[in-house]
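Working notes, beginning with the structure itself.
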Amino acid sequence: MAYSVNPFLERMSERTTSDMEFVRLFSPKILERLAEDAFDGAVHVFRSAPGAGKTTLLRAFTPPALRAFWNSRNRPELSESFQKLVNRGLLTEGDSPQLLGVFLSCASGYADLPSNERLEQEGLFRALLDCRIVLRTLRSLGALLGFSAPEQLGEISLDYGAVPSLTGIPIRTNASELVSWAEEHEQRVYAQLDTFSGSEGAPLPAHPRFEGVIWLQTIKFVHEERVVASQRLLMVDDMHKLRRKQRALLIDELTVMRPSIPVWLSERTVALGTELLSQGIREGRELREYNLDKMWSDAKGAAQFTSYAQNILDRRMKNQDMVPVGSFTQCLRDKLVSSEVRSQVAEGIARFRSEVERLQANVRYEQWLTRADQYTVDQNLESLLELYVTRILLVRDESKRQMSLDLTLTAEELEDRDSSQLRGAAELFMHEELGIPYYFGFERLCVMATSNVEELLALAAALYVGLQSKQVLRKSEPILLPLEQDKLLREAAGRKREFIPKSHSEGTRAQRLLDSIGAFCYDQTFAPNAPYAPGVTGVRLSRSELGKLSAPSKPLGTSGTTLQRVLAECVAENLLVQRESQATGSRDSGTIFYLNRSLCVHYGLPLQMGGWRDVSVGDLMKWMERRLTPTRKKQEVA
Amino acid sequence: MLWDHYVFRRGNAVHELWDSLLKNRPVDLLYIAGRGFDVRAQTVMREFVAGQQGTGRKTVGAKLLLLGFHGYELDEGIQQLTDENAAALEAAFLPLGPTTTVTVETPEGDEEETSASDALRQRVKAVLDEIEGKTDIILDVSSLPRATYLALLTNILQKLVPDKVRNEGAAHPLHAGGVNFQVLVAEDAKLDGEIRAEDPSNDLLNIPGFFAAWQAESVQDWPLVWFPVLGEGRGSQLQKIAASIPTEAEVCPVLPHPSKDPRRADRLLVEYREPLFDSRKTPTSNILYANESHPFEAYRQLLGAMRRYQNSMTILGGCRLVMTPLGSKLITLGAGLACFEMRPVGLNAKYGVAIPHAEPRRYLASVASATVQARGVGAAVDRGGIWSPRRRRAAKNHCRCGRSRCHALSGRTPVRLFPKATSHSHVLFPSLFFPGLAQWVRLRRAGVAKSQNRGGHRGRLGIAWYAPGGNSPTGLDLFRRAGPRADCNLICQAWSEHVQRLGSLFPNWSSGCSPKSPLVWACSVRTRSVRRRVQRTSWTLWDWS
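The listed protein sequences correspond, in order, to chains X and D. Counting along the first sequence from 1, when you hit position 500 you're at 503 in the numbering used here, and nothing is skipped either side. Counting along the second sequence from 1, when you hit position 10 you're at 1225 in the numbering used here, and nothing is skipped either side.
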């Protein structure tokens, strides 16, 4: 008996049960963000935090996926994907796919090769990669041509006319023979490694250069007297799994080689290590770098991510039948109705009245308080929001130090001082003090995902569990109320925070650091005058502070090195979002580290990016070792 | 099956074995231990050294190889305990011979870094280089990380037993040129569960000798069968490995059952519900059960399962069998033996075995719990058997299974270990139902059931009581009225198979089904009359620890 599966938890996009399911779940919106020259002959490096969709993107160009797209071209739900691939020149209406996408992963043991003499090690690395390129190319070719059995590869002949002389890859005119060579070559290497024979046995193979790429870009495949697969694309995934020197060697040699076919290299940003914090992009004609996280982070990208996310979630929702709803967004109510929070609204109004009691006698605020009184009559969310805005402005005005004439403040002045940021802060205060739901709605769900597909799916999975419960309990409609969404999302955020030490190599320190940043931001956000409305969600290190971290002389000692490592890992794993801040008249330039938006939910912070505060490296080092706790106690919600 | 006949000893029986094995012959000994924080290793070593210094023992050479480890984050208290433990081990072994510490550095910074797998390979090679010429090799896994002792176990066996095929007229492969290989374990599943592993490394570590099936490109298209052996608090490690397991892989979770804690398997199912069942369509009929504290039972279960899959999947062109042992030490040893035996010979094998592991970088344990001596201390693996010291309460007589507390077989007065186990909400296991007949037939064939043939198989064979509603404080009791010649092992094996069959027929039973479930009521109704009859007779209980 199989358990019913949560469609948002299945990681189907990487190694799916079938290619048809992969194409059904694949959202083509990401193709719109792909650079125009991504298919030019050069080395293209794709980077992002885990779960941003790199492997999904690469997999979409493998022959089985392309054939599945082509076979489904007439299906309405997949026509959009097909059309986008046609627009890119990768598929045609009339002919079957011609692009030979060769997909390899570096998570297959290159880093585990013996660390012998450097030249031997490099030679063995090249030899193993070369035979795998050959093997995977020929197998992909079989998939592209729709072969059902490996033996059919014998029908393909290889034309070496344009291939320069290669020392490592033998000349075999039949594809089947070359496959056998590649398999035996690889197995012999592993057999030698497994027996600890070392130098006593036959020497391990070593290639002087990456001949696999040269072979791939020049070899001709002939099937039934017709040249096939003339378009090629080499995709190498999980580059972060290589050793530093192997990775540098691969990128450098490929760049120098100037391949005539596109070579896509994909890696997590953790591969950059501490260089990530002072990242300089090395770009040129032959090497192009793309960061998938930053792709969605600008204003246009944020809007596109929402539609991309909706596309992904709706496709997954259609892949289940437990909850009878077509679209995921339909299940999330994004409007809060006053009747659902009547008691909280009444409590909020009562609190406001008791807090402004002491200001009744102050002439300065007479008009503001009269205006507020009108809002206390209508007990609804909008009036409560107005009251909270008024309260914040009252506190701000009271705390102004400068001398001012005791003139009555007009209602127009209040409205002038009002702003969307202030309203955002007021909403958050309402949530914090009264328990009025804040984290709900599809738009906020997308923001919480921090432009990461995996995080989006994890949050959606939590909401789906709520929908399942409703279904089991026979509730009338499978729609999650704002209160329910708020609770489920906060629980999911809590689980994410709990999981940090279990899933990252510096997880324990990272958790302490993030908790401390969260506590610091909480104290800053919930100051009664909301000075940084809507709230603070990040900390900034100025250029001089960052310089202390990256200085070669290591002035901060091992703690500084550890902090650098922890920060780099947090940024690489999307726990912190890095943004540059420009210099102004009053301050130095620097780097802002915003908390992951899901973690903001856990710490009760707003979801907008913008508010940050300067800290020093010393502060961060202290927080990393000893967790900071908020000085303002969280208001108990009745 | 290489270990068709095995030896497994606990407690005082280990000393008797050492006497018979090591007396009156020259011993050139290599003792391999870990430079870790687990102080149970001291107890094991002291017992061995004390014995080896006794009369009739002749040590011509002895060396202690302490394996040191770098790169782990340990609390100050635990680090101090590690240093003290190492000093104590050296001091304990000093009467026999010197100590050599083997450490593989994993440099950081700008130097060429060594991967964890490569470091492990170097460590194993350093140990294998010491084996030549030794008559006795002892591997103490008490304070070794899991990946290390698995690698050492499988590779030492590979060196001693390069050819696993039995040839007519030749010595049994396990003869190994007369070299004795023992594994000592201080096992306490509860304590092992209290040691938490955190911060799993981002890179998976592969056991040397089992690289190809995981990494080779030529086998990536083969179907994969994954055997995660579950243990408490290893969710993060499992998640790391699960990320590399294809969605279409066949998953066979292995649960420790029977176990001292009868609810342990249920709790593990709940703990691993999301990664194994919610995220993947893993049918509960795939669950395998392996005895928590009997590595050879685990070995048989896993080897049998691996062989069945390998035979079935040959038609698909080949398969990859991936083992992830995250359970207790004894089950892990059993898994290691199964993987060793299944390891393919030659390049043309159409299957492969892999043991990927996510090594944690941080261990969290309280110094107090780490220093408590486990009551079940020391187990050893001979190349022909597993030896295990046990608690001192063991009875003197042994049945063939080695269980010293098999009272019924020894004819001793039964001891009621669970006097409160009088709840009437028990469910009778299917020994009384359809599989009982198969069990009886099996015993008949084994020639042991003849003397018991009074009143048929009911009441004569194993009857297991399982309390689904949790009313009974003890849970699982096993009693029988068989005669002294009955084979306990066969009962255990048959009982394990009953458990599996029941699990496949009634999927909810293992997760603690409600007393109101159809299964319980059906069983209660059917067996009420039998239960009344059984309660009137004297019956024996013993625990399965």
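We treat Cβ as the ideally placed atom computed from N, Cα and C, and that holds for glycine.
Query, Result
"Where residue 531 of chain X sits in the DSSP three-state scheme", "coil"
"Cα-Cα separation, residue 312 of chain X to residue 320 of chain X", "12 angstroms"
"Backbone CA spacing between residue 1643 of chain D and residue 1473 of chain D [nearest angstrom]", "Low local confidence applies: a pLDDT of 30 at residue 1643 of chain D is under 50, so the model's placement there is unreliable, and no value is given."
"Amino acids of chain D, ordered along the chain, whose beta-carbon sits closer than 8 angstroms to that of residue 650 of chain X", "This structure cannot settle anything about residue 650 of chain X, because the visible part of chain X is limited to 4 through 641."
"Closest Cα partner of residue 135 of chain X within the set X:568, X:602 and X:189", "X:189"
"Contact between the region 452-461 of chain X and the region 432-441 of chain X (3+ Cβ pairs under 8 angstroms)", "no"
"Assigned secondary structure, residue 270 of chain X (DSSP; H/G/I helix, E/B strand, else coil)", "strand"
"Where residue 1534 of chain D falls: helix, strand or coil (DSSP)", "strand"
"Cβ-Cβ distance between residue 339 of chain X and residue 485 of chain X below 8 angstroms", "yes"
"Reduced DSSP secondary structure (H/G/I, E/B, other) of residue 143 of chain X", "helix"
"Among X:557, X:148, X:604 and X:608, nearest to residue 620 of chain X - alpha-carbon criterion", "X:557"
"Classification of residue 93 of chain X by the beta-carbon crowding that lies within 10 angstroms, buried from 16 upward", "buried"
"Three-way DSSP call (helix, strand, coil) for residue 1574 of chain D in this model", "coil"
"Residue 1267 of chain D at chain X interface by Cβ criterion, 8 angstroms", "no"
"Residues near residue 227 of chain X in its chain [Cβ-Cβ closer than 8 angstroms; skip 5 each side]", "158"
"Own chain, CB closer than 6 angstroms to residue 129 of chain X, minus 5 neighbours either side, in chain order", "210 and 213"
"Positions along the region 488-517 of chain X whose CB lies within less than 8 angstroms of some CB in chain D", "502, 504, 505, 506, 507, 508, 509, 510 and 511"
"Chain X contact residues for residue 1421 of chain D, given Cβ-Cβ distances below 9 angstroms", "112 and 115"
"Separation of residue 1331 of chain D from residue 493 of chain X, as counted between CA atoms", "37 angstroms"
"As assigned by DSSP and simplified to three states, the class of residue 612 of chain X", "coil"
"DSSP three-state assignment for residue 1442 of chain D, whether helix, strand or coil", "strand"
"Straight-line gap, residue 1216 of chain D to residue 1382 of chain D (C-alpha atoms, nearest Å)", "14 angstroms"
"Beta-carbon separation (whole angstroms), residue 1422 of chain D vs residue 1366 of chain D, contact threshold 8 angstroms", "5 angstroms"
"Distance between residue 518 of chain X and residue 511 of chain X (C-alpha atoms, nearest Å)", "11 angstroms"
"CB contact below 8 angstroms: residue 78 of chain X versus chain D", "no"
"Proximity test, Cβ basis, 8 angstroms: residue 1333 of chain D and chain X", "yes"
"Contact list for residue 1276 of chain D against chain X, beta-carbon separation under 9 angstroms", "Per Cβ cutoff of 9 angstroms: no residues; residue 1276 of chain D is ~24 angstroms from chain X at best."
"Short CB-CB distance (under 8 angstroms) between residue 197 of chain X and chain D", "yes"
"Whole-angstrom distance between residue 316 of chain X and residue 330 of chain X, CA atom to CA atom", "8 angstroms"
"Simplified DSSP state of residue 1261 of chain D, which is helix, strand or coil", "helix"
"Backbone CA spacing between residue 1290 of chain D and residue 1297 of chain D [nearest angstrom]", "10 angstroms"
"Cross-chain neighbours of residue 9 of chain X in chain D, by beta carbon under 7 angstroms", "1493"
"Beta-carbon neighbours of residue 479 of chain X, restricted to chain D and to distances below 8 angstroms", "Correct list: empty, because the minimum Cβ distance to chain D is about 26 angstroms."
"Straight-line Cα distance separating residue 360 of chain X from residue 350 of chain X", "15 angstroms"
"Residue 1390 of chain D classed as buried or exposed, judged by whether at least 16 other C-beta atoms fall within 10 angstroms", "exposed"
"CA-to-CA distance, residue 1566 of chain D to residue 1536 of chain D, given in whole angstroms", "7 angstroms"
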